[in-house]
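In my numbering, the protein residues as written are 202 to 266.
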């Protein structure tokens, strides 16, 4: 997973976990709001969102000098 974090610009790495959680919440809400999608899809999106937040490491902000 650190390979994916390396693709994120350094100034955004400290907030990467928050961005993943935000995108996951929006995606889960959209999938559960669409009435024609199967219910198992909402469960899969919610579980994969939780795994994505869990897999994103916490990174301390870099000190600016």
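Even glycine gets a Cβ: it sits at the ideal position worked out from N, Cα and C.
If you check the CB distance, residue 207 and residue 229 do not come in under 8 Å.
Between the C-alpha atoms of residue 231 and residue 260 there is a straight-line separation of about 29 Å.
Under the DSSP assignment, residue 227 falls in the alpha helix (DSSP H) whose first and last residues are 217-234. Pairing residue 235 with residue 242, the inter-Cα distance amounts to about 11 Å. With fewer than 16 other beta carbons inside 10 angstroms of its own, residue 216 counts as exposed.
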